[in-house]
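A short write-up of the structure that comes next.
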Amino acid sequence: MAGDLVATNPATMAAPGGHYSHAVTANGFVFVSGQLPIAPDGTKLNDAPFEQQARQVLDNVAHALKGAGSSVAKLLQVRVYVTDISLWPTFNALYAEWAGAAKPARAVVPVPQLHYGFKLEVEATAVA
């Protein structure tokens with residue numbers, strides 16, 4: 001039902017760069033759009049080291065969840081798109097630190113490239 005949809009674009013994040021919302025809540029679920037390493041002021045971190053990109057992406061996911069009334073602890077599924085699968089162990093360590101006790105279902109998808117030359121993108125689904 002369209003009346004049950006709530007779009008969220010938290011002030012703690014850069015404005016969406018296209019025709020989408022950072023998160024949409026419907027029927028008790030929060031769907032977080034693919035988050036890229038873009039700082040809250042809109043700076044694109046495409047030239048930053050992978051670790052910095054990963055931390056920014058995870059911060060963006062957390063801000064989108066919080067803005068939609070959810071949290072990392074309520075994650076159900078996370079999808080990670082990475083341009084170099086050899087970076088996976090580094091990401092996994094940062095992710096484990098970020099997620100803490102939460103262990104949602106997760107997928108890693110190697111991709112040839114991402115917008116602006118970013119090294120990763122993360123999308124998620126959580127309980128509201």
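Using my numbering, the letters of the sequence shown correspond one by one to residues 1 to 128.
Beta carbons are placed, not taken as given, at the ideal position from N, Cα and C, and that holds for glycine.
Treat the numbers as computed from the prediction; the structure is a model and nothing was measured.
Assign residue i to one of three DSSP states: helix, strand, or coil.
{"i": "P89", "result": "helix"}
{"i": "K66", "result": "helix"}
Hey, out of the options, whose CA is closest to residue i's CA?
{"i": "A105", "options": "K74, F118, K119", "result": "K74"}
{"i": "F31", "options": "S86, D59, D41, R79", "result": "R79"}
{"i": "T8", "options": "A54, A39, A64", "result": "A64"}
{"i": "G69", "options": "Y81, L76, A23", "result": "A23"}
Kindly say whether residue i, judged by its beta-carbon, lies nearer than 8 Å to any beta-carbon of chain B.
{"i": "V82", "result": "Absent from the structure: chain B. Only one protein chain is present."}
Alpha carbon to alpha carbon, how far is residue i from residue j?
{"i": "V6", "j": "V122", "result": "21 Å"}
{"i": "Q52", "j": "E97", "result": "14 Å"}
{"i": "G28", "j": "A128", "result": "5 Å"}
{"i": "S21", "j": "S33", "result": "7 Å"}
{"i": "P110", "j": "F50", "result": "15 Å"}
{"i": "N46", "j": "Q35", "result": "13 Å"}
{"i": "A54", "j": "A26", "result": "27 Å"}
{"i": "T12", "j": "P37", "result": "14 Å"}
{"i": "V108", "j": "Y95", "result": "12 Å"}
What does residue i pair with, by DSSP beta-bridge criteria?
{"i": "R55", "result": "DSSP output for R55 lists no bridge partner at all."}
{"i": "T25", "result": "V6, V30"}
{"i": "V78", "result": "R106, A124"}
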